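> Heads up: the sequence shown begins at 73 in my numbering, then just goes up one per residue.
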Amino acid sequence: MTQTILRQMRKNSGIPLKAIARELGIDPGFLSRVERGLVNAPQYIVDKYQEYFGHAFNDHSPASEPTSLREHSAEYHIIQYALPFDEAPQECTEIDLVNTPQTDLDVPPELYLSPNPRLGDLANPATPPKPVAVPYSSNISAGKNTYVYDAHTYHTKVPPQGIGLLIDYYTRPGDVVLDPFCGSGMTGVAATERGRRAILSDLSPAAAFIAYNLTTPIAATRYLDAIESMLKAARPLEHRLYDTHCRTCGRSIPMLYMVWSYGMLCPHCKQEFVLWDVARDERPRVRESKIKTEFDCPHCGEHLKKRELEKTQRYPVQVGYKCCGSGMKEETAHPDEHDLKLLAEIEQHGVPANLWYPTDPFPPGINTKQPISAGITSVDKAYTPRALWAMAYLWDMALRWPDAEVRPKLLFTLTSLYKRVTVFSEFRFWGGSGNTANFNVPAVMNEQNVFKALARKANTISWYFANAPQVPRQLRVSVQSACHLPQIPDKSIDYVFTDPPFGGNINYSEMNFLWESWLRVHTDNTEEAIVNKVQGKSISDYQRLLTDAFSEVRRVLKDDGWLTVVFHNSSARVWDALQNAIVDAGFAIEGTQIFDKRHGTFKQFVSKNAVGYNLVLHCRKSQREQALERNGHQEACRQAVAFIRSELGKAAKQYTVHYLHVAREDEFDYRRLYAAWLADALPRMQIGLSFEEFRALVDQQLPTVLAPQTEEFIPGERSGINGDDVRI
Ligand SMILES: C[S@@+](CC[C@H](N)C(=O)[O-])C[C@H]1O[C@@H](n2cnc3c(N)ncnc32)[C@H](O)[C@@H]1O
Ligand SMILES: [Zn+2]
Ligand SMILES: [Zn+2]
73 MTQTILRQMR KNSGIPLKAI ARELGIDPGF LSRVERGLVN APQYIVDKYQ
123 EYFGHAFNDH SPASEPTSLR EHSAEYHIIQ YALPFDEAPQ ECTEIDLVNT
173 PQTDLDVPPE LYLSPNPRLG DLANPATPPK PVAVPYSSNI SAGKNTYVYD
223 AHTYHTKVPP QGIGLLIDYY TRPGDVVLDP FCGSGMTGVA ATERGRRAIL
273 SDLSPAAAFI AYNLTTPIAA TRYLDAIESM LKAARPLEHR LYDTHCRTCG
323 RSIPMLYMVW SYGMLCPHCK QEFVLWDVAR DERPRVRESK IKTEFDCPHC
373 GEHLKKRELE KTQRYPVQVG YKCCGSGMKE ETAHPDEHDL KLLAEIEQHG
423 VPANLWYPTD PFPPGINTKQ PISAGITSVD KAYTPRALWA MAYLWDMALR
473 WPDAEVRPKL LFTLTSLYKR VTVFSEFRFW GGSGNTANFN VPAVMNEQNV
523 FKALARKANT ISWYFANAPQ VPRQLRVSVQ SACHLPQIPD KSIDYVFTDP
573 PFGGNINYSE MNFLWESWLR VHTDNTEEAI VNKVQGKSIS DYQRLLTDAF
623 SEVRRVLKDD GWLTVVFHNS SARVWDALQN AIVDAGFAIE GTQIFDKRHG
673 TFKQFVSKNA VGYNLVLHCR KSQREQALER NGHQEACRQA VAFIRSELGK
723 AAKQYTVHYL HVAREDEFDY RRLYAAWLAD ALPRMQIGLS FEEFRALVDQ
773 QLPTVLAPQT EEFIPGERSG INGDDVRI
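(1) Measuring alpha carbon to alpha carbon, tell me which residue in Pro573, Ala540, Tyr536 and Lys563 is nearest serine 553.
(2) Going by beta carbon distance, what residues of the same chain come within less than 8 Å of threonine 384, once the five residues before and after it are set aside?
(3) Which residues have a Cβ closer than 6 Å to any heavy atom of ligand 3, listed in chain order?
(4) State the Cα-Cα distance for the pair phenylalanine 639 and glutamate 764, rounded to the nearest angstrom.
(5) Touching or not, the region 399-414 and the region 362-378, by the rule of three or more beta carbon pairs under 8 Å?
(6) Leaving out the 5 sequence neighbours to the left and right, which residues in its chain are closer than 7 Å to arginine 105 when beta-carbon positions are compared?
(7) Would you say the region 421-436 touches the region 566-585, given that touching needs at least three Cβ pairs under 8 Å?
(8) Does the pairing of the region 652-668 with the region 688-700 give three or more beta-carbon distances under 8 Å?
(9) Mind listing, in chain order, the continuous beta strand (DSSP E) runs of no fewer than 3 residues lying wholly within the region 192-269?
(10) Give the secondary structure of proline 134 by DSSP, where H, G and I count as helix, E and B as strand, and everything else as coil.
(11) Verify the contact flag: glycine 255, CB atom, against every heavy atom of ligand 1, threshold strictly below 7 Å.
(12) Ligand 2 heavy atoms versus the CB of histidine 340: any closer than 7 Å?
(13) Looking at the structure shown, is alanine 91 part of a helix, part of a strand, or coil, going by DSSP?
(14) By Cβ distance, which residues of its chain are closer than 6 Å to arginine 319, with the 5 residues on each side in sequence left out?
(15) For the candidate residues Arg627, Arg359 and Arg323, whose alpha-carbon lies nearest to that of lysine 394?
(16) Does DSSP put aspartate 452 in a helix, in a strand, or in coil?
(17) In the DSSP assignment, what residue or residues form a beta bridge with aspartate 368?
(18) Please look up how many angstroms separate the CB atoms of glycine 234 and phenylalanine 667, rounded, as I've assumed it's under 8 Å.
(19) I want to know whether the region 175-195 touches the region 221-228 - three or more CB-CB distances under 8 Å.
(20) Is DSSP giving valine 423 helix, strand or coil here?
(21) Within a Cβ cutoff of 7 Å, which residues of the same chain sit near glycine 97, ignoring the five residues on either side of it in sequence?
(22) In chain order, what are the residue ranges of uninterrupted beta strand (DSSP E) at least 3 long that sit wholly in the region 484-524?
(23) Could you check if valine 516 is buried or exposed, using at least 16 other CB atoms within 10 Å of its CB as the buried criterion?
(24) Please determine, among Trp634, Ala540 and Lys609, the residue with the shortest C-alpha to C-alpha distance to alanine 223.
(25) Output needed for lysine 630: all residues of its chain with C-beta closer than 8 Å, excluding positions within five of it in sequence on either side, in chain order.
(26) Within 8 Å, do at least three Cβ pairs link the region 353-361 to the region 491-503?
(27) Under the assumption that alanine 270 contacts threonine 287 (Cβ atoms under 8 Å), give the Cβ distance between them as a whole number of angstroms.
(28) Compute every distance between the C-beta of glutamate 374 and the non-hydrogen atoms of ligand 2, then say whether any falls below 7 Å.
(29) How is histidine 733 classed by DSSP in three states: helix, strand or coil?
(30) Ends of the alpha helix (DSSP H) at isoleucine 716?
(31) Expressed to the nearest angstrom, what Euclidean distance is found between the alpha-carbon atoms of tyrosine 116 and leucine 313?
(32) Thinking just about the alpha-carbon of each residue, which of Gln520, Lys524, Lys491 and Leu526 is nearest to the one in asparagine 510?
(33) Which term fits aspartate 468, buried or exposed, when burial requires 16 or more other beta carbons within 10 angstroms of its beta carbon?
(34) For the alpha helix (DSSP H) that contains methionine 31, what are its first and last residues?
(35) Just how far apart, CA to CA, sit threonine 264 and isoleucine 578?
(36) Would you tell me roughly how many angstroms separate the C-alpha atoms of asparagine 641 and arginine 352, rounded to the nearest one?
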């Protein structure tokens, strides 16, 4: 590993070398040699750096030194907010928390978690848009690992630097940019940072809430002051809920996490065993450790497959903590009597009656099916009793925070924890957690200390705040369907950038349900533009909703203004729906290119995930009735084959995935070639070929097009790429 990366990571965080050396319990001189690459970096140092700084690591040096929680010395005003296990939180004497929780989260005129009556305020029908004759045609490639990208998760995001290039190209400062499927608001971030006015809207209140908070960064110090005060006030409760005994010195310290494993029933002997005990495969390198998917029954010896077993109940199997271990090394231990007694006490006590938490039943859905059938039928059941208590307590404190500008940021920090602090958080030997758009119930779960998770996320968010340009921002955020934007006058928008849902890839209203339960307002999914069996929405419903949305965009967009749509899918029918919607709404696709969502430098070291390619479609109002070439399947194949042969003939190298820093062989990049084919074909013809069909054509052509030097790409041998992977 390039060890200067370690140094860069630490520097970005603003933490001096000495401090981190002290934290790790090692000699600063040694650490400095590690950072300079003079000695090999021990794995635990790499892991620690990733844990401390990885999520906020950026390719670019920050403009200003970010403030870190560790260094920041706040004055604490709250001492005691609620005593643990006391029924009524004691009114705090030294800080005036507002008496009643401020559950109305609107921030007029910028944010409404309903249709924003002021949405049209910023629109400007008076002036013509910037004259732009030809679509943006340079490459767009933007990394995912930026401060803003990491600050709050969302199921799909478009990196704002990429959007920024387009905003610079299509608009002037002061112009109005609209994103009617705004999601987490990356369009708003890119637009407002550049002095453009941003109008954002989404069907989902959670999306609007996240979009608003990401688009309105506050001073990092002010934010951290509040977070620190909050955590300090919560410390007694943290101890009460999470204390464990150091197995070495006996001291009581809050655990970092507890691992829970399901018990499983052997279908042969009908006896139960704890998966963790039987299937754990721990290796010296944590990244190689795993839970085995096949193993023998400890009772009868039959060979079993994990996915075929029936789950019984969850058992606590490990606690993790840091105390006196050398270098503050993390220690793990079996839960002892004290830990089990504590769990029982918490369960019996339950969340104090004066604290509110959501109990919304999960609605029937594609992604909610799994939790519901595992007995996780409502949002409160998605938390352990301990995590629910911690969340309810922190949520209440945030809702009663006296500074109205900071309050939404505290709530937003709590929503940023999302699935990490629920029972959907899968245990990984190397720490961290994934963010996949489902509510799968993992067999081995990581119950994180909510307070510690909050502190970590707050650090990441503060890095974004510290680095966000301090500029005045003009912004409106609304919750409504893109199919109806009546507050926005005709021909009053200069530019539209948007990425609508990609067919049935992600069920937004289901995946946002957890957040929205805390926000006490849910998505009205009547017009949710997705393909979803449970909602009874077919591809043609999806196409109709997209057509309505693009028609509305056409109405509000100035005549010479541009619409950019980002999209990807591996199904020909979904492409068909998108193309028809664009054309039927009265737009013509005038240019296309690939949006290369790169992983940044650091993630390439450790991540085996392939990069993703989205398509960028540049559209303008069409002057006359447009029709796309509609080819039969044979003709589509013929054209695709011609494209494949010509592309590989001239640029085969471009289509190799080369894994620089992980031990993995080069692979042929079918996705990139499919994306290139889409970019070429979309403006003129109906796509007609799914990724699978296209890949089969590539496999046919590869051996004959490529000279011997690339014969390692003989199809089928190491594809490692399958159709399912092809989500952006
Ligand atoms: C691909 S995401 C947008 C992500 C966004 N570009 C970002 O960077 O976070 C699509 C969004 O469309 C929203 N959506 C679905 N149907 C909608 C509709 N009819 N009107 C408005 N928004 C809708 C979903 O809630 C989701 O947030
Ligand atoms: Zn058995
Ligand atoms: Zn100790």
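Here a beta-carbon is modelled for each residue, glycine too, at the ideal position from N, C-alpha and C. Please read these numbers as outputs of a predicted model, since none were measured by experiment.
According to the data block:
(1) Pro573
(2) Tyr334, Gly335, Met336, Leu337 and Glu344
(3) Cys318, Thr320, Cys321, Arg323, Cys395 and Cys396
(4) 18 Å
(5) no
(6) Val111
(7) yes
(8) yes
(9) 212-215 and 248-251
(10) Here the model assigns proline 134 a pLDDT of 32, short of 50, so the residue's position is not dependable and the matter cannot be decided.
(11) yes
(12) yes
(13) helix
(14) Ala405
(15) Arg323
(16) helix
(17) His375
(18) 6 Å
(19) no
(20) coil
(21) Ser398, Gly399 and Met400
(22) 516-520
(23) buried
(24) Ala540
(25) Pro197, Pro200, Pro201, Lys563, Ser564, Ile565 and Asp566
(26) yes
(27) 7 Å
(28) yes
(29) At histidine 733 the pLDDT is 47, less than 50, meaning the model places this residue with poor confidence; the figure from the coordinates comes in the next sentence. In this structure, histidine 733 counts as coil in the three-state DSSP scheme.
(30) 705-723
(31) 28 Å
(32) Lys491
(33) buried
(34) Residue 31 cannot be examined here, being either before or after the span of the chain that is shown, 73 to 800.
(35) 27 Å
(36) 36 Å
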